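Protein chains in written order, with my numbering: chain Y, 1 to 132; chain Z, 133 to 691; chain X, 692 to 1012.
The C-beta atom is built at its ideal place from N, Cα and C for all residues, glycine as well.
Please read all numbers here as calculations on a predicted model, not as lab measurements.
Scroll down for the structure; my scribbles are underneath it.
Structure below.
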């Protein structure tokens, strides 16, 4: 008799070292009953996609505050596709201007959370999106 | 400080007041909250009176400005003499673009420069490195070699400005570039004024731009201390920073505690490297956050000064007054800005800046209103600078020294913070010092705990953030944000290619070999780095050599 | 194509999916596990255990990298505790294994213990089976490591590596708490610390006090600084020596025999339990029986027999059909 858990990878792509939001969110997801894998700073999109695939997570949450999101987030989406893991949902967060959000969504990012978003919004979004 | 009899009678009077008018008022109206607390969760009483300061001793606890323990300020006349340095942190895109912004700021009355570098520069990668993709010129200016520094300071004589550089792991390299540039401009090194952040310890816990493991990193710090003591007498060889730990979520008490604990580690490392405390200690500087809770922040700055003076005098036996002075830069709290109703941020920044000035800061950066969303436009930066100018010239708070001293509340809070910081430092000493505390994840956990508590309080509306969880409005996403030129990265790559084609590559190799040898041995690295820099070796090439000798830091503690 | 076939072909996605299935719906994974069973038994299963802070993940990372140099294919399972309150977990062991993430010869899986207390998750054992059948040469299993009962790893690993660190204060207590018995190899990590020598001597003294237990294999004590890679070569050699000892002494077969016996027992138990509760969800009148007990109309022993009898009947009818 197994127990099901939502599994989430929280990742910091690029060189940005601001991990307050990522860590706070990781804890909030944990407290909402999810298993959260956190891999630390300076992850390449290749590392993130490989980790997400091996860990078979439902969701990858990408956090970037350096402005490199347009380069990095869609790359993760592409690589997941290459791994045959395009059922994994990719979410983004950080200082992301409104006009970039639509670009990211067009390129496969399911949702983007910007400064001021509450962790509960993210928790709810993940729960809604993942059907266990 | 107060007469015993007077205190006794005050105690009776206060007791009667509480049982009488206070009780009656409470019965009728109650108070807004069961418990009042500062941003740092310190309890706040209804009223402060001399009773809370019964144990205080003016001479011991406050003293006079410019005198030990410097609670009231590090200079006798403070802002009556000279205002604080207005120093806006800026830099983006390439060197040419940032140079234009610096000249604009100087024209607008800014009195010091503060250079923001992009992440590849901060982490020791050239603009054409694969890990630099998407990051070039984003959070600061891209500097690959001395050639970029020449462009960055084009038309700015280095003996006319003081320059702060937010650079840590490769601080020695940027310092060497700055010195090399001074030589090219014909400016003597002892005329250079400014600061390198050079505070690697907090990078491991909060900011994340580390490169090398702690041990060789501390050696680089000690090498820059020695180099500056010898060659750049007016240069701050480090800016020990609480700012980033505060931004990562810790509270005011922890900010001071962890900063001073890191400072203790730097002093110890320098002493172990054989330096005399009074040769380098006068050039240690600090960097704090100015957060929302005005009076707590003022008390924080005062407590920090007092604590540092005591640490330097009693723990390290520093004799020079300058060694005991805590000189600091302040930046308003970026994490307190909201993306919602960004104009509200102007008000927040004003209050925070006021705290810094009332706390006796030596220099100040005021954030711009849209910084929760993007780097600021020229207009926004000007408004932020004007905020400082209004405080300086119109508010009158700089006309007397430490004007809040003697406030029962501020003095009691100063004391409270001091006690709590002391307890933290004792705890860190018990753990074996700050390096060990970081290795065990103690400091990281303390910061994360505070950050998480804060977030939960905001989400439950226990803590009101105007415009975010209360007084919200429907609003359109802001427009007119600063857009960075997407071509910067490509152009920087081309520039690098040209540089590598044009310079004397044999000479570059020789100087890099000199850096390698110095890194493997014990000689001071900075002069060797300087030779490499002058040969136009790139930052990435020098860091690669150092990575080869020192290894790279692997983060190990997460939660 | 079944997940098992994907696993046999070395497909990462299938391997990951099957492990998830084992974690969430173990009953649905039975077919695949059955198909994989004949292909297991080739991997050397190495457990890494010890208190928090001894650097288990860093040791795991360093060992994996060293083994990769010899071309070995590596599986890693890192187990962390779940929060008893929310059931969630923060799985942070991969942070120390970042460089391995993109190595196609390495498969890493983080696992929440999901309430189990023995140091591993319920799913760990079968996840190892999947990696083994998928052609991994060495499978490194990092336990929760709360310093107490780490019994699961003994039943799972061929070689148990117990890590200690000087200056943790609780060294001797940890050693006394039963770790002496489970270790095939000791490693003193962070051995560049000043009191490493003392810890080593204390440990050796304790081993010497009990020579009987180690008459066939005396656990070596290795010293490492995993962050720099110092001593990893020797540690790996010690682990390999133990593997050779197991193979040539016949102990490997004996250990595996015991392991299969234990597994068989638990699978049988699980199977019956599952069948019984399925039956009872359909047919049960549990609460009525409890009421009868309360009124002393029956006793638990008679009641149990009465409850099980019709279930056994229905099972035997099912088998005869």
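- Task: Enumerate in chain order the residues of its own chain whose CB-to-CB distance from residue 89 of chain Y is below 6 Å, with the five nearest sequence positions on each side excluded.
- Result: By one-based count along the first chain, residue 89 of chain Y stands at place 89. For residue 89 of chain Y, where only same-chain residues beyond five positions count, the Cβ hits under 6 Å are 59, 110 and 129.
- What are the start and end residues of each continuous alpha helix (DSSP H) run of 4 or more residues lying completely inside the segment 7–57 of chain Y, in chain order? 20–31 and 45–55
- Give the secondary structure of residue 111 of chain Y by DSSP, where H, G and I count as helix, E and B as strand, and everything else as coil. To locate residue 111 of chain Y, count along the first chain from 1; it is residue 111. Of the three classes helix, strand and coil, the one that applies to residue 111 of chain Y here is strand, per DSSP.
- Task: Could you pull out every residue in the same chain whose Cβ sits closer than 8 Å to the Cβ of residue 167 of chain Z, ignoring the five residues on either side in sequence?
- Result: As a position in the second chain, residue 167 of chain Z is number 35, starting the count at 1. Closer than 8 Å at the Cβ level, and outside the excluded window around residue 167 of chain Z, lie 175.
- Assess, as a yes-or-no matter, whether the segment 297–313 of chain Z is touched by the segment 237–256 of chain Z under the definition of 3 or more beta carbon pairs within less than 8 Å. yes
- Locate the alpha helix (DSSP H) running through residue 463 of chain Z, then write down its first and last residues. Here the question's residue 463 of chain Z lines up with position 331 in the second chain. Premise fails: residue 463 of chain Z lies in the beta strand (DSSP E), 460–464, not in any alpha helix (DSSP H).
- Message: So, at 6 Å on beta carbons, what are the nonlocal neighbours of residue 881 of chain X in its own chain, with the 5 sequence-adjacent residues on each side left out?
- Response: Taking the third chain and counting its residues from 1, the one referred to as residue 881 of chain X is at position 190. Correct list, in chain order: 856.
- Message: Give me the subset of the segment 802–824 of chain X whose CB atoms are less than 9 Å from a CB atom of chain Z, sorted by chain position.
- Response: none
- Query: Nearest to residue 591 of chain Z by alpha carbon, out of Y:16, Y:25 and Y:10?
  - Reply: Along the second chain, read from residue 1 onward, the residue named residue 591 of chain Z stands at position 459. Selected option, being the one with the closest Cα: Y:25.
- Message: Determine whether the beta carbon atoms of residue 759 of chain X and residue 797 of chain X lie at a separation below 8 Å.
- Response: Locating residue 759 of chain X in the third chain gives position 68, counting from the first residue. Locating residue 797 of chain X in the third chain gives position 106, counting from the first residue. Their beta carbons are under 8 Å apart, which means residue 759 of chain X touches residue 797 of chain X by this criterion.
- Task: To the nearest angstrom, report how far apart residue 825 of chain X and residue 750 of chain X are at their CA atoms.
- Result: Here residue 825 of chain X is taken as the residue at index 134 of the third chain, counted from 1. Here residue 750 of chain X is taken as the residue at index 59 of the third chain, counted from 1. Straight-line Cα distance between these residues: approximately 24 Å.
- If we ignore side chains and look at the alpha-carbon of each, how far apart do residue 311 of chain Z and residue 70 of chain Y end up? In the second chain, the residue the question calls residue 311 of chain Z occupies position 179. In the first chain, the residue the question calls residue 70 of chain Y occupies position 70. Those two C-alpha atoms are separated by around 37 Å.
- Item | For residue 211 of chain Z, the nearest candidate out of Z:193, Z:141, Z:527 and Z:248 (CA to CA) | Walking along the second chain from the start, residue 211 of chain Z turns up at place 79. Residue 211 of chain Z has its Cα closest to that of Z:527, out of Z:193, Z:141, Z:527 and Z:248.
- Note down, one range per segment and in chain order, each beta strand (DSSP E) of at least 3 residues found wholly within the segment 455–514 of chain Z. 460–464 and 495–497
- Quick one, which residues of the segment 731–752 of chain X are near chain Z if we go by CB-CB under 7 Å, in chain order? 744 and 749
- In angstroms, rounded to a whole number, what distance separates the CA positions of residue 685 of chain Z and residue 348 of chain Z? Start at 1 with the first residue of the second chain, and residue 685 of chain Z comes out as number 553. Start at 1 with the first residue of the second chain, and residue 348 of chain Z comes out as number 216. Approximately 10 Å, taken between the alpha carbons.
- Does the beta-carbon of residue 216 of chain Z have 16 or more other beta-carbons within 10 angstroms, so that it is buried, or is it exposed? Indexing the second chain from 1 puts residue 216 of chain Z at position 84. Classification for residue 216 of chain Z: buried.
- Interface positions of the segment 496–513 of chain Z facing chain Y (Cβ-Cβ less than 9 Å), listed along the chain: 503, 504, 505, 506 and 507
- Take residue 884 of chain X and list the residues in its own chain whose beta-carbon comes closer than 7 Å to its own, dropping the five residues that flank it on each side. Walking along the third chain from the start, residue 884 of chain X turns up at place 193. If we look at residue 884 of chain X and ignore the five residues flanking it on each side, its Cβ neighbours are 857 and 858.
- Confirm, please, whether the CB-CB distance from residue 777 of chain X to residue 33 of chain Y is below 8 Å. Translated into the one-based positions of the first chain, residue 33 of chain Y becomes position 33. Translated into the one-based positions of the third chain, residue 777 of chain X becomes position 86. Against a cut-off of 8 Å, the Cβ pair of residue 777 of chain X and residue 33 of chain Y comes out as a contact.
- Item | Neighbour list for residue 227 of chain Z in chain Y, Cβ cutoff strictly below 8 Å | By one-based count along the second chain, residue 227 of chain Z stands at place 95. Neighbours of residue 227 of chain Z on chain Y: none; closest Cβ ~18 Å, over 8 Å.
- Could you give the distance in angstroms between the alpha-carbon of residue 823 of chain X and the alpha-carbon of residue 36 of chain Y? The residue given as residue 823 of chain X occupies position 132 in the third chain. The residue given as residue 36 of chain Y occupies position 36 in the first chain. Rounded to the nearest angstrom, the two C-alpha atoms are 26 Å apart.
- Chain-ordered neighbours of residue 710 of chain X on chain Y, where CB pairs are closer than 8 Å: As a first step, residue 710 of chain X must be located in the third chain, where it is residue number 19. Within 8 Å Cβ-Cβ: 56.
- Task: Have a look at Z:522, Z:357 and Z:222 and flag the residue whose alpha-carbon is nearest the alpha-carbon of residue 367 of chain Z.
- Result: Position 235 of the second chain holds residue 367 of chain Z. Closest by alpha carbon: Z:357.
- Query: If contact means a Cβ-Cβ distance below 9 Å, which residues of the segment 379–392 of chain Z contact chain Y?
  - Reply: 379, 380 and 381
- Using the Cα positions of residue 133 of chain Y and residue 8 of chain Y, report the straight-line distance between them to the nearest angstrom. Within the shown structure, residues of chain Y are numbered from 1 to 132, placing residue 133 of chain Y beyond reach of any answer.
- Bounding residues of the beta strand (DSSP E) (the contiguous stretch that carries residue 735 of chain X): Counting from 1 along the third chain, the entry for residue 735 of chain X is found at position 44. First-last of the beta strand (DSSP E) with residue 735 of chain X: 735–740.
- Message: Just to check my reading of the structure: residue 165 of chain Z and residue 383 of chain Z have Cβ atoms closer than 8 Å, yes? What is that Cβ distance to the nearest angstrom?
- Response: Reading the second chain from its first residue, position 33 is the one you call residue 165 of chain Z. Reading the second chain from its first residue, position 251 is the one you call residue 383 of chain Z. Incorrect: roughly 18 Å between the Cβ atoms, too far for contact.
- Query: Between residue 585 of chain Z and chain X, is there a C-beta pair that is closer than 8 Å?
  - Reply: Translated into the one-based positions of the second chain, residue 585 of chain Z becomes position 453. By this cut-off, residue 585 of chain Z is not an interface position.
- Item | Limits of the beta strand (DSSP E) - the one that residue 805 of chain X falls within | Position 114 of the third chain, counting from 1, holds the residue named residue 805 of chain X. No beta strand (DSSP E) contains residue 805 of chain X, which DSSP labels as neither H nor E.
- Message: Quick check: the Cα distance between residue 661 of chain Z and residue 328 of chain Z, rounded to an integer number of angstroms?
- Response: Looking up residue 661 of chain Z in the second chain gives position 529. Looking up residue 328 of chain Z in the second chain gives position 196. The straight-line gap from Cα to Cα measures roughly 16 Å.
- Message: Under 8 Å, Cβ to Cβ, is there at least one residue of chain X near residue 85 of chain Y?
- Response: As a working mapping, residue 85 of chain Y is identified with position 85 in the first chain. Chain X contact via Cβ: present.
- Message: Quick check: the segment 330–337 of chain Z against the segment 368–382 of chain Z, are at least 3 beta-carbon pairs closer than 8 Å?
- Response: yes
- Task: Pull up the DSSP beta-bridge partners for residue 547 of chain Z, would you.
- Result: Translated into positions along the second chain, residue 547 of chain Z becomes position 415. BP columns for residue 547 of chain Z are empty, so no partner.
- Task: Identify, in the order they occur along the chain, each residue of the same chain with its Cβ nearer than 7 Å to the Cβ of residue 625 of chain Z, setting aside the five sequence neighbours on each side.
- Result: Taking the second chain and counting its residues from 1, one reaches residue 625 of chain Z at position 493. Result list for residue 625 of chain Z: 259 and 260, in chain order.
- Along the chain, where does the beta strand (DSSP E) that runs through residue 89 of chain Y open and close? As a first step, residue 89 of chain Y is located in the first chain; it is residue number 89 there, counting from the start. Start and end: 89–93.
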